[in-house]
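Number of protein chains: 2
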Amino acid sequence: MRNALSLTRFLPYRCNTLARKISVSLSRIYTERFGISVAEWRVLVTLAEYGELQAKQVGELTSMDKVQVSRAVAGLLDRELLLRRPCERDSRAALLCLSAAGVRLYQRIEPEVLAWEQSLLAPLAPAERETLFALIDKLELQLAGMADRATAGQGPV
Amino acid sequence: MRNALSLTRFLPYRCNTLARKISVSLSRIYTERFGISVAEWRVLVTLAEYGELQAKQVGELTSMDKVQVSRAVAGLLDRELLLRRPCERDSRAALLCLSAAGVRLYQRIEPEVLAWEQSLLAPLAPAERETLFALIDKLELQLAGMADRATAGQGPV
DNA sequence: GGTAACTGGTTGCTTTTGAAACCAACTGTC
DNA sequence: GACAGTTGGTTTCAAAAGCAACCAGTTACC
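If you read the sequences in order, they're chains D and Y. FYI, the working numbering numbers position 1 of the first sequence as 1, with every residue one higher than the one before it. FYI, the working numbering numbers position 131 of the second sequence as 131, with every residue one higher than the one before it.
Structure representation (structure tokens):
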């Protein structure tokens, strides 16, 4: 049967398998050896970068939905890798940050993850790395635009 | 806390979210409107391209593992979009191909998917598209090498 | 100040995924 | 031709993702 579509040149497929392979390879570092899930890892990185945040902000920064964030935070609190204190401006929310143990754990994992990333990016010249991130930016932007157009004109919200 | 790692410049994260957004956007076409899952879609595309294949070959061509293939094929057979006949050389295996209904369905979906892909790739010049696929190729190659090295030297197999 | 709509966050439930056990059939070796 | 090891494919079971309901607290409006 004649068809124009071949998976090897189909971006959704290529992007999906690449992401999966990357994730499997990377998660060996923090999942198998430190018992940290992908969601928990993202929360750790974000709090390490920003200091103190509400769960909602973590979700926005990581593109995780609130259920994922809630469960990841619960797991990290169980292991006392996070601290939670009430937010005085809004008593529904809480402020999260890494505990001392969380910082120590993060500092053990981070260099290994960075080394792994260097090894993955090794075959790419610096300019190619820039290009790669620029292309990803463009595609995400375009997707956002496509979503907007798809939901527009569907009657009043 | 000072750290070198920021999610916005971390390839695993960027690749993961991009793949997820692409998948959500695309699957609106075949999931919501035709009731085809991602795995089933890949089987359809592969059989449309290659004609008649064993489940194992479908798995190799699509990077799906055999459980995924098995379930996708079962779903498609239920809806009579596939034909299965015994393989005379190996009676464990079966040969799969699209049924007439499967071809018709595929021919309805394919143009919509191609149009969607064009719309996604619209902001990329032809040369940029080539670059993107080349970069993905390089990264997958590197990952394969990293996996080899990781499993090498772990004692006799 | 009371009530309706909304929001941050959690919980419960259903659907999806993935790993490993499993079955039947095939291959090689003796 | 019997036995050990392998392979194509399915099933089973447990972890994970996604959805909707929910609770408590907040905002907006009359």
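Cβ coordinates follow ideal geometry from the N, Cα and C atoms, glycine included. Given the structure is predicted, the values throughout are model-derived calculations rather than measurements.
Let's see if you can read the secondary structure: which residues bound the beta strand (DSSP E) around residue i?
| i | result |
| --- | --- |
| Cys97 (chain D) | 94 to 98 |
| Pro86 (chain D) | 82 to 86 |
In this structure, does DSSP put residue i in helix, strand or coil?
| i | result |
| --- | --- |
| Met146 (chain Y) | helix |
| Val73 (chain D) | helix |
| Leu5 (chain Y) | coil |
| Pro156 (chain Y) | Reliability of the predicted coordinates at Pro156 (chain Y) is poor, the pLDDT of 39 falling under 50, and the value obtained from them is presented with this limitation in mind. The answer is coil: DSSP assigns Pro156 (chain Y) none of H, G, I, E or B. |
| Glu140 (chain Y) | helix |
| Leu120 (chain Y) | helix |
Going by C-alpha distance, which of the options is nearest residue i?
| i | options | result |
| --- | --- | --- |
| Arg79 (chain Y) | Y:Val67, Y:Ala115, Y:Phe34 | Y:Phe34 |
| Val103 (chain Y) | Y:Tyr50, Y:Arg89, Y:Ala122, Y:Leu18 | Y:Tyr50 |
| Gln107 (chain D) | D:Arg92, D:Tyr13, D:Leu47, D:Arg89 | D:Leu47 |
| Ser5 (chain Y) | D:Ile109, D:Gln142, D:Ala144 | Note that residue 5 (chain Y) is Leu in the sequence shown, not Ser. Measuring from the Cα of Leu5 (chain Y), the nearest candidate turns out to be D:Ile109. |
| Gln68 (chain Y) | Y:Thr31, Y:Arg85, Y:Val43, Y:Ala100 | Y:Val43 |
| Ile22 (chain D) | Y:Val38, Y:Val73, Y:Phe10 | Y:Phe10 |
| Met146 (chain Y) | D:Ser37, D:Gln118, D:Leu139, D:Ser63 | D:Gln118 |
Grab the span of the alpha helix (DSSP H) containing residue i for me, first residue to last.
| i | result |
| --- | --- |
| Pro12 (chain D) | 11 to 27 |
| Glu40 (chain Y) | 38 to 50 |
| Thr31 (chain Y) | Run containing Thr31 (chain Y): none; DSSP gives neither H nor E here. |
| Ala125 (chain D) | Premise fails: Ala125 (chain D) is in no alpha helix (DSSP H) and is neither H nor E. |
Item to check | Residues, ordered as in the chain, of the stretch 39 to 62 of chain D that lie near chain Y by beta-carbon distance below 8 Å | outcome: Arg42, Val45, Thr46, Ala48, Glu49, Gly51, Leu61, Thr62
Checklist entry - Taking any Cβ of chain D, which residues in the stretch 120 to 142 of chain Y have a Cβ under 8 Å from it, in chain order? => result Leu120, Leu121, Ala122, Pro123, Leu124, Glu128, Thr131, Leu132, Phe133, Leu135, Ile136, Lys138, Leu139, Glu140, Leu141, Gln142
Item to check | Chain-ordered residues of the stretch 75 to 90 of chain D with a beta carbon less than 7 Å from chain Y | outcome: none
Checklist entry - Using Cβ-Cβ distances below 8 Å, what residues of the stretch 87 to 114 of chain Y are close to chain D? => result Leu98, Val103, Tyr106, Glu110, Val113, Leu114
Checklist entry - Which residues, taken in chain order from the stretch 24 to 38 of chain D, show a beta carbon closer than 7 Å to some beta carbon of chain Y? => result Ser25, Leu26
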